[in-house]
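For the sequence shown, position 118 matches number 98 in this note's numbering, and the numbering has no gaps at all. Using N, Cα and C, we set each Cβ at its ideal position, and we do this for glycine too. Because the structure is a prediction, the values reported are computed rather than measured. To keep things clear, I will list the structure first and then write my remarks on it.
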Amino acid sequence: MNPLMLDGGAATERRPVIVALDFADAAQTLAFVRGLSPQLCRLKIGKELFTATGPALVEQLITQGFDVFLDLKYHDIPNTVAQACKAAAQMGVWLADMHAGGGRRMMEAAAEAVANVRERPKLLGVTVLTSMTAADLHELGWTGEPQELVRRWAALAKDSGLDGVVCSAQEAALLRQDLGADFLLVTPGIRLADDAGGDDQRRVMTPENALAAGADYLVMGRPITRAADPVAVLRGINQATAAA
Ligand code: C5P
């Protein structure tokens, strides 16, 4: 699926970036977001910030017109995850996610719980965390290749009624081929071509390459939050990807 189509905007309006707001508190977050606009990017709030600030900050950013991805990666019994997704939907978030490892009944219950919400959020499954190695999976009892598990769980997420998955950009081409054009692929681990590297992300891809591989949206934290001019970086990505 093409973000252009989702936005219904002009062809030059592609804005695939979801900025990861990995800040410790609301004051720092709002100071950073003040320079941005919903026309430039979307926003992601994860466990750290949500635990510190709660729904108030999410609602404030939605009121400012931003699409918000609530990245809490739910994993619990079906009823609990379904009710959590319903609460996220009532907050007005655009995307919410859960661990696909919670299984079919958990994902189906979540999809059903938001089905009748007026502005239904899209629900994503998290397959295998990109921090997990083959050795970690072996220790947990999975003896196959990590990629096999990613494919299997992504297919299960789709079959259970979810709208997409969070995956590594390295897996995007394969999952796009497996799961078709209408399944959302949201990819973290994005670095700019001129990035000096040196942080904790290892299997990285540029925005252009990730989109070419089939990603719909790019989750980006530090390349934007630590940039001297975040707006210039976002404009550069939007222009480069609109031209691609
Ligand atoms: O700063 P950076 O661009 O590495 O931030 C990436 C964001 O995406 C962080 O919020 C991180 O928690 C999240 N993420 C990730 N890898 C995953 C899932 C989420 O890096 N597999």
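Open item on the list: Rounded to the nearest angstrom, what separates D162 and L142 at their Cα positions?
Closed with: The count along the sequence shown starts at 1 and reaches residue 162 at position 182. The count along the sequence shown starts at 1 and reaches residue 142 at position 162. Each residue's Cα considered, the two are about 11 Å apart.
Task: L75 (DSSP reduced to helix, strand or coil) - done: Within the sequence shown, numbered from 1, the residue matching residue 75 stands at position 95. Looking at L75 - three-state DSSP - the assignment turns out to be strand.
- [ ] Sort out for me which residues DSSP pairs L164 with in a bridge.
- [x] On the sequence shown, residue 164 is found 184 positions in, with the first residue counted as 1. DSSP, once it has assigned bridges, lists G144 as partnering L164.
Open item on the list: For A91, tell me which candidate among Q63, A114, R215 has the shortest Cα-Cα distance.
Closed with: Stepping through the sequence shown from its first residue, residue 91 is reached at position 111. Nearest C-alpha to A91: Q63.
Open item on the list: Less than 8 Å separating the Cβ of S111 from some heavy atom of ligand 1?
Closed with: Position 131 of the sequence shown, counted from the first residue, corresponds to residue 111. Yes, ligand 1 has a heavy atom inside 8 Å of this Cβ.
- [ ] Quick one: grab the DSSP three-state call for P(-17).
- [x] On the sequence shown, position 3 is the one that residue -17 refers to. Unreliable placement is indicated for P(-17), whose pLDDT of 44 sits below 50; the coordinate value is still reported in the next sentence. Reduced to three states, the DSSP call for P(-17) is helix.
Task: M87 (DSSP reduced to helix, strand or coil) - done: Taking the sequence shown and counting its residues from 1, the one referred to as residue 87 is at position 107. It is helical.
TODO: Quick one: measure Cβ to Cβ for V106 and A67, integer angstroms, because I've assumed they're closer than 8 Å.
DONE: Against the sequence shown, residue 106 aligns to sequence position 126. Against the sequence shown, residue 67 aligns to sequence position 87. Going by Cβ atoms, the distance from V106 to A67 rounds to 19 Å, so no, they are not a contact pair.
Task: Own chain partners of V61 with C-beta closer than 7 Å, once the 5 adjacent residues on each side are dropped - done: One-based indexing of the sequence shown puts residue 61 at position 81. So the list reads Y54, M78, G82, M86, A89, A90, once near-sequence residues are dropped.
Task: L120, buried or exposed, once every other Cβ within 10 Å from all chains shown has been counted against 16 - done: Along the sequence shown, one-based indexing puts residue 120 at 140. Exposed.
Task: Delimiting residues of the alpha helix (DSSP H) encompassing A152 - done: Mapped onto the sequence shown, residue 152 falls at position 172. It spans 149 to 159 - the alpha helix (DSSP H) in which A152 sits, taken as one unbroken run.
- [ ] Compute the Euclidean distance between the alpha carbons of L214 and P187, then round it to the nearest angstrom.
- [x] Taking the sequence shown and counting its residues from 1, one reaches residue 214 at position 234. Taking the sequence shown and counting its residues from 1, one reaches residue 187 at position 207. The alpha-carbon atoms of L214 and P187 are separated by roughly 11 Å.
TODO: Tell me whether M200 counts as near ligand 1, meaning its Cβ is closer than 8 Å to at least one heavy atom of that ligand.
DONE: The residue labelled residue 200 in the question sits at position 220 within the sequence shown. Yes, the beta carbon of M200 sits closer than 8 Å to at least one heavy atom of ligand 1.
Open item on the list: Across the stretch 99 to 116 and the stretch 131 to 142, are there enough close Cβ pairs to call them in contact, namely three or more that are closer than 8 Å?
Closed with: yes
Task: Any non-hydrogen atom of ligand 1 closer than 8 Å to T9 Cβ - done: Indexing the sequence shown from 1 puts residue 9 at position 29. Incorrect: T9 has no Cβ contact closer than 8 Å to ligand 1.
TODO: Return helix, strand or coil for V(-1), following the three-state DSSP convention.
DONE: Within the sequence shown, numbered from 1, the residue matching residue -1 stands at position 19. Three-state result, V(-1): strand.
Task: Three-state secondary structure (DSSP) of F49 - done: Taking the sequence shown and counting its residues from 1, one reaches residue 49 at position 69. Strand, per DSSP.
Open item on the list: Is it buried or exposed, T31, if we count other Cβ atoms within 10 angstroms and call 16 or more buried?
Closed with: As a first step, residue 31 must be located in the sequence shown, where it is residue number 51. The residue in question, T31, is exposed, as its Cβ has fewer than 16 Cβ neighbours within 10 Å.
Open item on the list: By the three-class DSSP mapping on this structure, what secondary structure does R215 have?
Closed with: To locate residue 215, count along the sequence shown from 1; it is residue 235. Three-state result, R215: helix.
Open item on the list: ligand 1 and D196: does any heavy atom of the ligand fall closer than 8 Å to the residue's C-beta?
Closed with: Stepping through the sequence shown from its first residue, residue 196 is reached at position 216. D196 Cβ: outside cutoff for every heavy atom of ligand 1.
Open item on the list: What does the Cβ neighbour count give for I25, buried or exposed, with the cut at 16 atoms within 10 Å?
Closed with: Locating residue 25 in the sequence shown gives position 45, where the first residue counts as 1. It is buried - the Cβ of I25 has at least 16 other Cβ atoms within 10 Å.
- [ ] Identify every residue that forms a DSSP beta bridge with K27.
- [x] As a position in the sequence shown, residue 27 is number 47, starting the count at 1. According to DSSP, K27 bridges with nothing at all.
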